[in-house]
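J.: Mind looking over this structure? Questions follow.
Protein chains in written order, with our numbering: chain V, 73 to 327; chain A, 73 to 327.
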């Protein structure tokens with residue numbers, strides 16, 4: 073059985089198998105208690121970890137509820153990976169999803185990459201490897217150009233009036249524009265509700281593209297910012313630079 | 073043996089143990105091939121995953137070399153976690169470090185959070201959990217206020233002339249200011265060398281704070297941007313807003 077086949081072992085089989093091993097361990101008398109760690113060290117799971125198509129609405133509901141536990145990055149990581157922990161099991165089951173809470177507020181409140189997108193990056197990187205990068209690229213482009221939030225919870229924790237297009241994947245710009253439009257403080261129930269719904273949106277968009285990818289229907293849409301602009305960029309140049317947008321030094325064209 | 077004790081199993085014991093299990097598996101005749109995955113499903117490692125003090129110079133050397141394999145985010149994740157894969161073993165050994173390459177260029181080239189800092193967040197989150205957030209917060213504050221790069225490779229892949237203080241954790245701003253100063257393109261060998269050295273710096277700073285934390289000497293320095301400014305922010309307000317820095321709505325003071 074190769075690694076890819078091992079990934080297909082269901083959660084149910086895994087639980088049954090653990091019982092069988094416990095019986096076997098009684099026969100193996102040398103250091104039986106530490107065998108799990110020892111065995112695993114010799115056989116790490118193949119990467120990328122793989123995927124089983126997700127119920128997009130379930131992913132959104134989970135991300136929304138989980139925002140209120142640990143904020144945006146955790147919301148998206150858990151919205152995407154908790155269902156895979158159930159449907160695939162290992163190696164997803166052993167990943168401590170709380171380890172990724174730090175992405176909140178654009179990295180511990182520094183307002184940089186929206187934590188929901190950090191969460192999408194972590195999940196797609198584990199699930200789909202290099203192909204996950206293309207999916208993340210498209211999720212970021214969609215995030216910056218779409219009026220959010222779209223998701224409507226069945227039982228909202230607060231009511232909000234506005235949606236906004238961020239033109240940027242930055243937490244500070246995305247949430248700042250929305251706070252101005254809504255006229256509320258960062259600590260308000262409305263701002264929290266907006267970020268919870270937006271996290272659901274990002275998780276659902278990511279799940280939708282991953283499902284397309286699983287069906288072999290996914291085609292990357294957004295190109296390379298670096299190749300097009302000669303520098304890493306979020307494409308809203310004039311928003312910070314005004315009309316004095318610098319021209320980066322471009323490499324000499326190939327002869 | 074509890075989870076914390078299991079973490080202390082050395083790499084050497086793990087290898088020896090795997091051999092013992094192989095012998096034992098011949099006795100356990102039912103589905104022996106899939107036992108490793110099954111066993112692991114029943115006993116995920118305790119989180120946070122823990123730490124063993126790192127050789128800071130080794131971390132820097134590794135991050136520098138690994139930048140040239142998979143760029144900034146991978147450089148820092150691998151610079152910090154590869155030595156722990158050797159010194160601690162599981163669960164670090166099973167984490168596919170290539171899954172975090174996507175952080176390069178501020179997330180797939182979008183110029184947001186410098187990938188070296190994304191890497192520091194992923195590593196500190198797994199190693200130290202909630203306490204890792206404080207360490208990441210301090211690493212980001214240090215990054216934005218320090219002339220970088222500092223690291224000098226024994227065998228540089230390119231020579232560079234300039235250092236710069238970014239005043240920002242954003243890839244675009246950090247690398248853009250440096251490119252302007254150095255007068256080089258993003259695709260130049262100099263720019264690559266600068267980012268490789270800077271990744272070594274971030275990995276080394278993170279390792280230094282983690283070592284202090286392991287020695288119970290670490291005290292968080294940087295406060296909460298959100299509490300101080302009423303919004304997630306990178307603190308260089310005028311750089312984008314000019315002199316028209318908006319005043320966010322602040323919550324009413326507690327009575």
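Think of the CB as a built atom: it goes at the ideal place given N, C-alpha and C, for glycine as much as any other residue.
As the structure is a prediction and not an experimental result, all values here were calculated from the model.
1. Taking Cβ to Cβ, would you say residue 185 (chain V) is nearer than 8 Å to residue 184 (chain A)?
2. Excluding the five sequence neighbours on either side, which residues of its own chain have a C-beta within less than 6 Å of the C-beta of residue 276 (chain A), listed in chain order?
3. For residue 269 (chain A), does the three-state DSSP call read helix, strand or coil?
4. Count the CB pairs spanning the segment 275 to 292 of chain V and the segment 240 to 256 of chain V that are closer than 8 Å, and state whether there are at least three.
5. So what does DSSP say about residue 236 (chain A), is it helix, strand or coil?
6. Quick check on the DSSP output: what are the complete alpha helix (DSSP H) runs of length 4 or more inside the segment 194 to 246 of chain V, in order along the chain?
7. Going by CA-CA distance only, name the one from V:125, V:241 and V:221 that's closest to residue 193 (chain V).
8. Do residue 272 (chain A) and residue 223 (chain A) have their beta-carbon atoms positioned less than 8 Å apart in this structure?
9. Would you check if the distance between the CB atom of residue 149 (chain A) and the CB atom of residue 209 (chain V) is smaller than 8 Å?
10. Once DSSP output is grouped into helix, strand and coil, what is the label at residue 185 (chain A)?
11. With 8 Å as the C-beta to C-beta threshold (strictly closer), list the residues of the segment 242 to 255 of chain V near chain A in chain order.
12. Return the chain-ordered list of same chain residues with a C-beta closer than 6 Å to the C-beta of residue 225 (chain A), the five sequence neighbours on each side being excluded.
13. Evaluate residue 227 (chain A) with the Cβ neighbour count: other Cβ atoms within 10 Å of its Cβ, from every protein chain shown; 16 or more gives buried, anything less gives exposed.
14. Kindly indicate which residue of V:119, V:144, V:315 and V:322 has the alpha-carbon position closest to the one of residue 163 (chain V).
15. Count the other CB atoms within 10 Å of the CB of residue 318 (chain A); is the residue buried (16 or more) or exposed (fewer)?
16. Assuming residue 198 (chain A) and residue 121 (chain A) form a contact by the criterion Cβ under 8 Å, report the distance between their Cβ atoms to the nearest whole angstrom.
17. Within 10 angstroms of its Cβ, does residue 314 (chain A) collect 16 or more other Cβ (buried), or is it exposed?
18. What's the gap between the Cα of residue 99 (chain A) and the Cα of residue 259 (chain A)?
19. What residue does the alpha helix (DSSP H) around residue 147 (chain A) start on, and which one ends it?
20. Measuring only the C-alpha atoms, how far is residue 302 (chain V) from residue 248 (chain A)?
21. Does the beta carbon of residue 166 (chain V) come closer than 8 Å to any beta carbon on chain A?
22. Tell me the DSSP secondary structure of residue 260 (chain A) in three-state form.
23. Return the residues of the segment 294 to 305 of chain A that lie within a Cβ-Cβ distance of less than 8 Å from chain V, sorted by chain order.
24. Tell me whether residue 317 (chain V) sits in a helix, a strand or coil according to DSSP, three-state version.
T.: Taking the structure as given:
1. Mapped onto the first chain, residue 185 (chain V) falls at position 113. Mapped onto the second chain, residue 184 (chain A) falls at position 112. Cβ distance < 8 Å, so residue 185 (chain V) and residue 184 (chain A) count as in contact.
2. If you number the second chain from 1, residue 276 (chain A) lands on position 204. Excluding positions up to five away in sequence, the list reads 128, 131 and 132.
3. On the second chain, residue 269 (chain A) is found 197 positions in, with the first residue counted as 1. Residue 269 (chain A) falls in the helix class under three-state DSSP.
4. no
5. Position 164 of the second chain, counted from the first residue, corresponds to residue 236 (chain A). In this structure, residue 236 (chain A) counts as strand in the three-state DSSP scheme.
6. 202 to 217
7. In the first chain, counting from the first residue as 1, residue 193 (chain V) sits at position 121. Nearest C-alpha to residue 193 (chain V): V:241.
8. On the second chain, position 151 is the one that residue 223 (chain A) refers to. On the second chain, position 200 is the one that residue 272 (chain A) refers to. Yes. Within cutoff.
9. If you number the second chain from 1, residue 149 (chain A) lands on position 77. If you number the first chain from 1, residue 209 (chain V) lands on position 137. Going by C-beta atoms, residue 149 (chain A) is not nearer than 8 Å to residue 209 (chain V).
10. Looking up residue 185 (chain A) in the second chain gives position 113. Looking at residue 185 (chain A) - three-state DSSP - the assignment turns out to be strand.
11. 242, 243, 244, 247, 248, 251, 252 and 255
12. To locate residue 225 (chain A), count along the second chain from 1; it is residue 153. If we look at residue 225 (chain A) and ignore the five residues flanking it on each side, its Cβ neighbours are 136.
13. One-based indexing of the second chain puts residue 227 (chain A) at position 155. Under a 10 Å Cβ-count criterion, residue 227 (chain A) is classified as exposed, with fewer than 16 other Cβ atoms of the shown protein chains found around its own Cβ.
14. To locate residue 163 (chain V), count along the first chain from 1; it is residue 91. Cα-wise, what sits closest to residue 163 (chain V) is V:119.
15. Numbered from 1 along the second chain, position 246 holds the residue referred to as residue 318 (chain A). So residue 318 (chain A) counts as exposed.
16. Within the second chain, the letter at position 126 stands for residue 198 (chain A). Within the second chain, the letter at position 49 stands for residue 121 (chain A). Between residue 121 (chain A) and residue 198 (chain A) the Cβ distance is about 5 Å, and since that is below 8 Å, they are a contact.
17. Indexing the second chain from 1 puts residue 314 (chain A) at position 242. With fewer than 16 other Cβ atoms within 10 Å, it is exposed.
18. In the second chain, residue 99 (chain A) corresponds to position 27, counting from 1. In the second chain, residue 259 (chain A) corresponds to position 187, counting from 1. Interpretation of residue 99 (chain A) is limited by its pLDDT of 31, a score under 50 that renders its predicted location unreliable; the figure taken from the coordinates is listed afterwards. About 58 Å.
19. As a working note, residue 147 (chain A) is residue 75 in the second chain. First-last of the alpha helix (DSSP H) with residue 147 (chain A): 128 to 159.
20. Residue 302 (chain V) sits at position 230 when you count from the first residue of the first chain. Residue 248 (chain A) sits at position 176 when you count from the first residue of the second chain. Rounded to the nearest angstrom, the two C-alpha atoms are 10 Å apart.
21. Along the first chain, read from residue 1 onward, the residue named residue 166 (chain V) stands at position 94. By this cut-off, residue 166 (chain V) is an interface position.
22. Position 188 of the second chain, counted from the first residue, corresponds to residue 260 (chain A). The answer is coil: DSSP assigns residue 260 (chain A) none of H, G, I, E or B.
23. 296, 297, 298, 302, 303, 304 and 305
24. Along the first chain, one-based indexing puts residue 317 (chain V) at 245. The answer is coil: DSSP assigns residue 317 (chain V) none of H, G, I, E or B.
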